Amino acid sequence: MKRSNWILSIAVLMIILALAAYISVFIGTVKISPFTQWQDYYRTIIYDIRLPRVFLCIIVGSGLAVAGAIFQGLLRNPLADPYILGTSSGAALGAIIAIMLRINMFFFDLPLFSFLFALLSIILVYNIAGAKGRTSIQTLLLAGIIVSSFLSALIMLAMSLSRRETHDIIFWIMGNLTENNFSLIKIVGTLVVSGIVTVMFFARDLNVMSMGEETAGQLGIETEKTKKFLFIISSLIVGAVVSVSGMIGFIGLIVPHIVRMITGPDHRILIPSSALVGAIVLIAADTIARTVVAPLEIPVGVVTALFGAPFFIYLLRKGKRVSGVKD
Amino acid sequence: MKETLRINNVSHRYNGSNVLEGVSFSVSMGGFLGVIGPNGAGKSTLLKVISRSIKPDTGEVLLDGRPICEMKRRETARRIAFVPEETVVNFSFTCRDIVLMGRTPYINRFSWEGNEDYRKVEEAMKLTDTLKFKARDINDLSSGEKQRVIIARALAQEPDILLLDEPTSHLDISHQKVILDLIRKLNRDNNLTIITVMHDINLAALYCEELLFLNNGKIYMKGSPQELITENNIREVYGTDVQISRDNKTGLPGVIIIPGGNK
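Below, the structure is given as structure tokens:
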């Protein structure tokens, strides 16, 4: 995509996001039309339930998509994402531990623990895969799967040890957007937005880092510092997001992928576009999740996985040329 | 001639075995040094040490008398550029994007590339005859064309020293000539100091002013191609009997392998 079209594409995405949010607010079990006379309780449904939920979708979707874009650039791997590489499981485990130990630090306990465990799991995967040199995609995915299943085992262990909090824990495993604590949403929103803004200043570094660490160093990037910093920022984003929404898969994988096909691989446009598309996609997925079997609701993580997993296989198979996936 | 780069007693071990052992030499401004030697002699490791991809266990690399490991990477990237043997790009960047990355050490974090940067990119692409690939995906080029784009990226760094690690080993004979002619031109016209690892002794003899012969991580010899490439030296380092033919006019040696033979 030409640089002169960048602003245009951002503007178009913002309009689509606004439309998606608007439509989503009026779709649901209770039929509300913006054009007819509102019942009294419609206000409550719109302002206290659906609007916070759309905000949450925007925060979570953009956070996951940007984290995915960072991972893919940093690991030179178009198939990396916080869910597949076990970072989300790490964050979920962190949140669960915070709940079980009944740590209470004025809304910061969950995001903080999620962040610490997300960071820990990234470091673990990175070292197991030996990603410093040229790591093949298989090695990286394998390391992610191993760490991820280990962490899942720990989550199951936590579940079996504590009967009382089991329901809370299931919340994290399936991905869920019913969090309605507005203070927590605000904190998480601030964290995610500041994370994305910070990453924007590292977008050019990410371009160079995607050439490989050796080359990046030779081109003047302080690779070790940059890498650590970006891992911390992405753990912060993933931790914050998972602490309110649980493990929602495939957004971080697919969104940057689709966006890259349209905008090209330059992270200066890829990051903001991914944030917007991530938000749009999650609003769509959540609208599906709460309407297809209304009045019942399916966890949004189920919806993203149902659409995401086949797409992942498609990407794997479509092969090396088009998506740029190399062994 | 003014000395620009000094390698001072560099040793490096890897997995318990010595890859480089007490290597010292210096390169003068505007020189064209070829590094040759058998597989595993430490040629690539030496280049990695100079390009700061590896910090050697002992010894140091001095650039104008200053140890490079004490400099910021931005600073060394403005002085030393590196062209690897082969470049794998996992995303579909255009050739111009790739060359623009050579401007990284000149662009501030909080600003975007300016006209000056675009001019340098254009210049580098003109020199390497890659302007016509400007808007193309780097992955759609042949390896020879790709290598020229990577050289353009190195030139965009405006370096004094260009390091190349077997830049032609993946190329056929016509592309080998294109790349090596280009490097020679950059050396002569732009006064770029060249240090290149060469796999092919004949090509090394034809293009390099001076050769560094590495064997088992140590310097076996350093000198002109004429004095360095002899049947004796090749036998001693490579353990192979060869026949050396010499050009009547220049005295440049050419190595001819003796098939079968009686080692």
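Chains as they are written, first to last, in the numbering used here: chain X, 1 to 327; chain G, 1001 to 1263. Idealized CB from N, CA, C, for every residue including glycine. From a predicted model like this one, the values you see are computed outputs, not experimental measurements.
Contact note: residue 266 of chain X reaches chain G through 1093 and 1097, using a C-beta cutoff of 8 Å and chain order. With its beta carbon at least 8 Å from every one in chain G, residue 256 of chain X lies outside the interface. In chain order, 1009, 1010, 1011, 1059 and 1218 place their CB closer than 8 Å to the CB of residue 1022 of chain G, counting only its own chain and leaving out the 5 sequence neighbours on each side. Around residue 78 of chain X, the beta-carbon contacts reaching into chain G at under 8 Å are 1090 and 1091. Only those residues of the region 217 to 239 of chain X whose C-beta falls short of 7 Å from the nearest C-beta of chain G are listed: 217, 218, 219, 220, 221 and 222.
Listed by position along chain G, the residues whose Cβ is nearer than 9 Å to that of residue 208 of chain X are 1101 and 1104. Using a Cβ distance threshold of 8 Å, residue 1116 of chain G and residue 1133 of chain G do not count as a contacting pair. A check of alpha carbon separations from residue 82 of chain X across X:14, X:314, X:159 and X:141 identifies X:141 as the nearest. Within 10 angstroms of the beta-carbon of residue 1193 of chain G lie 16 or more other beta-carbons, which makes it buried. In the DSSP assignment, residue 1014 of chain G falls within the unbroken beta strand (DSSP E) covering 1003 to 1014. In the three-state scheme derived from DSSP, where H, G and I count as helix and E and B as strand, residue 1215 of chain G is classed as strand. One thing to note: residue 29 of chain X has its Cβ within 8 Å of the Cβ of residue 294 of chain X.
Between residue 1074 of chain G and chain X, the shortest Cβ-Cβ separation is below 8 Å. In this model, residue 243 of chain X and residue 18 of chain X are separated by some 25 Å (Cα to Cα). Taking a cut-off of 8 Å for Cβ pairs, the region 90 to 97 of chain X and the region 230 to 242 of chain X touch, as three or more such pairs fall below it. Taking a Cβ-Cβ cut-off of 7 Å, the neighbours of residue 1077 of chain G in chain X comprise 218, 219 and 220, given in sequence order.
Assigned with DSSP and collapsed to three states, residue 1021 of chain G falls in strand.
A straight-line Cα-Cα distance of about 10 Å links residue 1259 of chain G and residue 1241 of chain G.
Ranked by Cα distance from residue 1208 of chain G, the options G:1185, G:1082 and G:1220 are led by G:1185. Remark: C-beta atoms of residue 1090 of chain G and residue 78 of chain X approach each other more closely than 8 Å. Separation of the CB atoms of residue 248 of chain X and residue 110 of chain X is rounded to 16 Å, and the pair is thereby denied contact status at 8 Å.
For the region 168 to 215 of chain X, not one full-length beta strand (DSSP E) segment reaches 3 residues or more. Nearest Cα to residue 1122 of chain G within the set G:1156, G:1044, G:1204 and G:1215: G:1156.
For secondary structure counted as the alpha helix (DSSP H) over 4 or more consecutive residues, the region 78 to 131 of chain X holds these complete runs in sequence order: 87 to 100 and 109 to 129. In the structure shown, residue 256 of chain X falls within a helical segment according to DSSP collapsed to helix, strand and coil. Taking the Cα positions, residue 161 of chain X is about 16 Å away from residue 172 of chain X. No Cβ-Cβ contact shorter than 8 Å links residue 1197 of chain G with residue 1038 of chain G.
For residue 205 of chain X, the CB contacts under 6 Å within the same chain, skipping 5 residues up- and downstream, are 221 and 226 in chain order. Chain-ordered, the chain X residues with CB closer than 9 Å to the CB of residue 1109 of chain G read 201, 202, 204 and 205.
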